[in-house]
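Protein sequence lines, in the order shown, are assigned to chains A and R.
Residue 776 is where the first sequence starts when you use the numbering used here, and the numbers rise one by one after that.
Residue 20 is where the second sequence starts when you use the numbering used here, and the numbers rise one by one after that.
Notes follow once the structure below has been shown.
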Amino acid sequence: MKQLIKLDINNQVYEVPVSPKDLLVDIIRKKVGLTGTKKGCGQGDCGACTVLIDGAPVLSCITLAIACQGKKISTIEGLADEQGNLHPVQQAFVDYGAVQCGFCTPGMILSAKALLDRIPRPGELEIKRAISGNICRCTGYKKIVEAIGAAAAKISTGGVE
Amino acid sequence: MFLSDFEYFAPKEAGEAFALIGRLGSNARVLAGGTDLLLMMKEKMIEPQYLIDINAVPEFQGISDLPGKGAVIGAATKISEVEYSPLVKEKYFALHQAAGELGSVQVRTMATMGGNSCHASPAAETPTPLVALGAKVVLASATGERQLPLEEFILGNRKTGLGEGELLTKFILPEPAPRSASRYGYIGLRGAMEIDAVNMAVNLVLETDGRTVKDLRLVMGSVSPRPLISVEVPSILVGKQFDDALVEEAAAAACGEAKPISDIRASAEYRREVVAVLARRLLHEAFNAAQEV
Ligand SMILES: Cc1cc2nc3c(=O)[nH]c(=O)nc-3n(C[C@H](O)[C@H](O)[C@H](O)COP(=O)(O)OP(=O)(O)OC[C@H]3O[C@@H](n4cnc5c(N)ncnc54)[C@H](O)[C@@H]3O)c2cc1C
Ligand code: FES
Ligand code: FES
């Protein structure tokens, strides 16, 4: 019962054969080959599989791929610019040591980006709320929160700190 | 955890959705945000043959103001849209609060208002304030539509009054009374991503003197299989001047009405204690807020 569908991922259109039951996370990782998106719990609790759909963070482990036709999907691979310069949130995670094993990092960064797109200068509580659906098993939350705050400051001062 | 096979439909208008549900009957399930449905399917608790995705139907979307008459919220409206809506914040504060507490940002982006009531979990966030605010649901099928107060729609744990071939299409909220305010609160074991041990909403209306309670609804969630509307709290407070002694009496009464169970999240004794704490807090908050409008 496979059918060909078009998925717009990071502004590139992929034509992929899917069954209705295929989950977006599996299609992104196994068919499209973008493995930055992680699969942790598979039941909505950990946030490792977070991607952005039309700019808002969703859980790709409980999203049907077939339901994403005509939508704009962004994964961690699409965040850097064409020259390969990291997005300010990514750069801040590097600068502040906010990455340990890295498994939660793609989801964490996408949740943070969606927050900063909505609220450019969030307070600490807003940052914590925004990443409350992203679990870090290495528990480096303090540095993650600091990194997001620093990225916000950098973006809103136009790149100079 | 993988899903079993099913056929997928994504109707683009309401008529098409009703026709599909009518034709496919109980072998079909409605897919809204999928945050409950896909988990149940992964666990193989249910294995529907057909999914009818209602997200592309414009009639089921969005929040509209009916100035002086209330508001309408489409069943497929996302929880995050309700959370961020200035209209909901202004007119239905308790619903605004509850929407902001459901799951995580990701879950709120995906989950819908209709899904939260149709799944009918006793611990659900939004039915409690909706019932306190006097919300009605509109149930529609290929042959017509009917309205029901939400408290008559939710019948118990995962049981609703949804008929064969019917969809929940929207919620109708009445215009808030003058000098009224609503507040929501919950107690769980953690701050985030928590299933409520107890939740509660209060909708309180004052007389022109700004002290006498004219009308009041207090609704509890998670302490009974369906949202529990307190009978005793209004009988203690309505027609009286609001004061601390009466609030104490009301809190104790709410406690007595709650019929909680002990489970993995909390014991029945703890839940009953928490009911008193929340009742006291929310009655005060709603009273103070109603004095200011
Ligand atoms: C990680 C996680 C955390 C969560 N936290 C909370 C929480 O804190 N509080 C809370 O209340 N819930 C929570 N939930 C549960 C869930 O997100 C909510 O119940 C949500 O509102 C369900 O909406 P949905 O649109 O995703 O429903 P779906 O999963 O799409 O549907 C749920 C059920 O309702 C039916 N249905 C949906 N819409 C309609 C309609 N319009 N007409 C007829 N039938 C319909 C479906 O067929 C299905 O049986 C959580 C879920 C997850 C995964
Ligand atoms: S893998 Fe999707 S939330 Fe854990
Ligand atoms: S860095 Fe290891 S899970 Fe977060």
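Cβ atoms here follow ideal geometry from the backbone N, Cα and C, with glycine treated the same way.
- Remark: the C-beta of Ala831/A is outside contact range of ligand 2, defined as less than 6 angstroms to any heavy atom.
- DSSP assignment within the segment 823 to 860 of chain A yields no whole alpha helix (DSSP H) run of 4 residues or more.
- Distance check between Gly830/A and each of Met129/R, Gln116/R, Met64/R places Met129/R closest, using alpha-carbon atoms only.
- Put simply, the CB of Ile780/A is far from chain R, with every gap to its CB atoms at 7 angstroms or more.
- Not a single heavy atom of ligand 1 lies less than 6 angstroms from the C-beta of Val91/R.
- Distances from the CB of Ala159/R to the heavy atoms of ligand 2 are all 6 angstroms or more.
- At a cut-off of 6 angstroms, the beta-carbon of Leu43/R does not count as near ligand 1: no heavy atom of the ligand is closer than that.
- Setting aside the 5 residues that flank it on each side, Glu185/R is surrounded in the same chain by Leu158, Ser160, each with a C-beta closer than 6 angstroms to its C-beta; the list follows chain order.
- The three-state secondary structure of Tyr871/A, taken from DSSP, is coil.
- Just so you know, the alpha carbons of Pro881/A and Thr812/A end up roughly 6 angstroms apart.
- Any Cβ of chain A closer than 7 angstroms to the Cβ of Val296/R would place that residue at the interface, and such an atom is absent.
- Distance from the Cα of Thr96/R is smallest, within the candidate group Gly134/R, Leu121/R, Gln166/R, Leu265/R, for Gly134/R.
- Note that the C-beta distance between Val257/R and Val232/R is below 7 angstroms.
- Counting only residues of its own chain and dropping the five nearest sequence neighbours on each side, Cys913/A has a CB closer than 7 angstroms to the CB of Gln875, Cys876.
- By the CB criterion at 7 angstroms, Phe25/R and Leu39/R fall outside the cutoff.
- Thr147/R sits in a helix when the DSSP states are folded into three classes.
- Sequence-distant partners of His303/R (beyond 5 residues in either direction) whose C-beta falls short of 8 angstroms from its own C-beta, in its chain, are Val266.
- Only Ala831, Pro832, Val833, Leu834, Ile837, Thr838, Leu839, Ile841, Ala842 from the segment 830 to 849 of chain A bring a Cβ to less than 8 angstroms from some Cβ of chain R.
- Cys913/A has its Cβ nearer than 6 angstroms to a heavy atom of ligand 3.
- Excluding five sequence positions before and after Ser104/R, the CB atoms of its chain that fall closer than 7 angstroms to its own CB belong to Ile82, given in chain order.
- In terms of Cβ geometry, Glu790/A and Leu779/A form a close pair [threshold 7 angstroms].
- In terms of beta-carbon proximity, Pro792/A stays away from the interface with chain R, with every pair separated by 7 angstroms or more.
- Scanning Ile884/A, Tyr916/A, Ile841/A, Ile828/A for the CA closest to the CA of Ala855/A turns up Ile884/A.
- With a cut-off of 8 angstroms on Cβ pairs, the segment 240 to 252 of chain R is in contact with the segment 217 to 227 of chain R, counting three or more such pairs.
- Only Gly122, Ser123, Val124, Gln125, Val126, Thr128 from the segment 105 to 128 of chain R bring a Cβ to less than 8 angstroms from some Cβ of chain A.
- In the DSSP assignment, Leu187/R is bridged to Leu158/R.
- Glu78/R is the residue among Thr131/R, Lys61/R, Glu194/R, Glu78/R whose C-alpha sits nearest the C-alpha of Phe37/R.
- Contact with chain R is found for Ala905/A, since one of that chain's Cβ atoms lies less than 7 angstroms from the residue's Cβ.
- Assignment of Pro105/R by DSSP, reduced to helix, strand and coil, places it in the helix class.
- With the criterion CB distance below 6 angstroms from any heavy atom of ligand 2, the matching residues run Lys814/A, Gly815/A, Cys816/A, Gly817/A, Gly819/A, Asp820/A, Cys821/A, Gly822/A, Ala823/A, Cys824/A, Leu834/A, Cys836/A along the chain.
- Beta-carbon to beta-carbon, Leu114/R and Asp84/R are separated by about 14 angstroms, too far to satisfy the 8 angstroms threshold.
- When distances are taken from the beta-carbon of Cys137/R to the heavy atoms of ligand 1, the shortest one is below 6 angstroms.
- For Thr838/A, the shortest separation between its Cβ and any heavy atom of ligand 1 does not lie below 6 angstroms.
- The DSSP-derived three-state label of Ser886/A is helix.
- Listed in chain order, the non-local C-beta contacts of Arg236/R below 6 angstroms within the same chain comprise Ala151, Asn222, local neighbours out to five positions each way being set aside.
- Within chain A, Met776, Pro795 have C-beta atoms less than 8 angstroms from the C-beta of Glu26/R, given in sequence order.
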